[in-house]
Amino acid sequence: VKAGQHPGAYNIVTATIPGADPKLREEEIAFSCHLDHQRPGANDNASGCVTILEVARTLRKLITEGKLARPARTLRFIWPPEIEGTTTLLNARPEFASRIKAVVHMDMVGGGPATKAIFHVTRGPMSLPSFVYDVGEAFGDFVNRESDLYASTGAALYPFVSTEGGKEALQAEFADYTMGSDHDVYQEGSFRIPAVYLNDWPDRYIHTNGDTSANIDPTKLKRAAFIGAASGYFLAGMGAKDVPDVLHLVERRSLVRWGTILSRRAILGIGDWLAQTVVIQKYEHEVVDSLTTFAPIDEPLRNEDSQFAQSRSELLFAPYPNHLVALSILESVNVKNLDSWKIVFIRSANPKGPMAVFGYDYLADHLESMKLARPKLLEYQGLTSAGEEYAYETLNFVDGKRNIADICSAVSTEYGPIPQELVLEYLKTMESIGVLKRLPAPPPK
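This is the structure:
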């Protein structure tokens, strides 16, 4: 077989339910999946494709019949090739990237009990703080509670059960960011579009002949469809009237994340732990600020949230009578004072998207052509993630403001400690191949 890579084109199917507001209809909430796969199967990924189609059909029917109001923003449904198709679409049609405010991405969402799969409602990366993830979790939690009540008692107002499907509880997990599908493209630092990622993992039949329709559960599809449809529909209609409820939802979910940081206090040194508290405080502040991309936050509500944030901080620093003193200790033990850690990068205009997609690895291609060594960060094994995730987020945290030490602290908070030397080497390599540009050093004070 004589094979090669040549210029080509994609035909990508997309459809819309136009928004009702003359201005906001230019903004879009997208439903995403992927049609192709190296080894296509029923769960991976026919399940995501048919589920967003059913969401589109159902919402259109309910809106046409007047049972649901037409939302202010436009709903868009996209059926692309996996990852490289989404990357190509957002590059070739930049208006898509500029209009889409949030994404509901469905990959594998239909696995029944035989697949041994766990259903996840997955947050976006810490490099992209957003309230959108909390909205997805809220609807997932609702289905968890209703389906558990039905499985336990045989009665519930909203069991979300299909006649042909299972009757067990959903038991969805609310997971931190994981890679592996088109949501990586939307949330990458080039586009920064928050996504709720619905997916089964693990699946014992993935990429095998066992990934058949016999192992797909109609009840699971119905529940995934509801979580996605409800999340997308709510976001499409969200306005100022919804901000108080969403803000209080964000505050409640923040306490769960705060508990994770509190639990680390016993296993981290004071310097590392305080560095992570600085990161998480900034993250939670930016999650709240993300609401303003949909609707303004009035001053009384801002003041209320500031008081909540202050109480939350007092809980965090309870062992320290004066946490400002503790933060001064942090400055003395952190290596931020070394010149090499003060370097600040910005992203170049191109390329836009992840460094690797199916069939092409931009980084590897350019390393080979320039005879550069592969960065050690890509082989690093951390506490909760490995090189690919560290590299993805390290690049995403480049914003023209964070220096090397800031980026290292942020990635360490998300995935576990990482040597700063690996972060520095990786970013310098990205500079060498033109992905990043170094900003001039600020004048000495």
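For the record, in the sequence shown the residue sitting at position 166 is 217 according to the working numbering, with numbers rising by one throughout.
Using N, Cα and C, we set each Cβ at its ideal position, and we do this for glycine too.
Given residue 460 as reference, the closest of 393, 91, 341 once Cα atoms are compared: Considering only alpha carbons, the answer is 393.
Rounded separation between residue 408 and residue 138 - CA only: In this model, residue 408 and residue 138 are separated by some 8 Å (Cα to Cα).
Compare the C-alpha of residue 228 against each of 258, 171, 295 and name the closest. Ranking 258, 171, 295 by Cα distance to residue 228 puts 171 first.
Is there contact between the stretch 240–260 and the stretch 167–187, where contact requires at least three CB pairs shorter than 8 Å? When C-beta atoms of the stretch 240–260 are compared with those of the stretch 167–187, three or more pairs fall below 8 Å, so the two segments count as touching.
Length at least 3, wholly inside the stretch 111–196: the beta strand (DSSP E) runs in chain order: Segments of the beta strand (DSSP E) lying fully in the stretch 111–196: 125–130, 151–157, 170–173.
Let's see if you can read the secondary structure: which residues bound the alpha helix (DSSP H) around residue 284? Going by DSSP, residue 284 is part of the alpha helix (DSSP H) stretching over 269–288.
Tell me the rounded alpha-carbon separation between residue 426 and residue 469. C-alpha of residue 426 to C-alpha of residue 469: approximately 14 Å in a straight line.
Residues bridged to residue 332 by DSSP? DSSP, once it has assigned bridges, lists no residue as partnering residue 332.
Give the range of the alpha helix (DSSP H) segment to which residue 461 is assigned. 455–466 is the span of the alpha helix (DSSP H), which, as asked, contains residue 461.
Closest Cβ-Cβ distance between residue 61 and chain D: below 8 Å? Chain labels in this structure do not include chain D; a single protein chain is all it has.
8 Å CB neighbourhood of residue 434 in its chain, flanking five on each side removed: Only 466, 467, 468 meet the Cβ criterion.
Buried or exposed (CB count within 10 angstroms, at least 16 for buried), residue 238: Buried.
Given 8 Å, three or more beta-carbon pairs between the stretch 100–117 and the stretch 273–291: Between the stretch 100–117 and the stretch 273–291 there are three or more C-beta pairs closer than 8 Å, enough to call the two in contact.
State the beta-bridge partners of residue 81 as determined by DSSP. Residue 81 is bridged to 127, 154.
Assign residue 346 to one of three DSSP states: helix, strand, or coil. In this structure, residue 346 counts as coil in the three-state DSSP scheme.
Nearest residue (CA-CA) to residue 208, options 216, 215, 199: Among 216, 215, 199, the Cα nearest to that of residue 208 belongs to 199.
List the DSSP bridge partners of residue 401. Answer is none; residue 401 lacks a bridge partner.
Measure the CB-CB distance between residue 67 and residue 124 and report whether it falls below 8 Å. Contact: no.
Give me the DSSP bridge partner(s) of residue 225. Residue 225 is bridged to 172.
Check whether the Cβ atoms of residue 233 and residue 83 sit closer than 8 Å, and answer yes or no. Yes. Within cutoff.
Drop a sphere of 10 angstroms on the beta-carbon of residue 379, count the other beta-carbons inside from all chains shown, and report buried for 16 or more, exposed for fewer. Unreliable positioning characterises residue 379 in this predicted model, as indicated by a pLDDT of 48, which lies under 50. The coordinate reading is nonetheless provided below. The residue in question, residue 379, is exposed, as its Cβ has fewer than 16 Cβ neighbours within 10 Å.
Which of the three DSSP states, helix, strand or coil, is assigned to residue 247? Of the three classes helix, strand and coil, the one that applies to residue 247 here is strand, per DSSP.
Residue interval of the beta strand (DSSP E) (run including residue 76): For residue 76, there is no enclosing beta strand (DSSP E), as DSSP marks it with neither H nor E.
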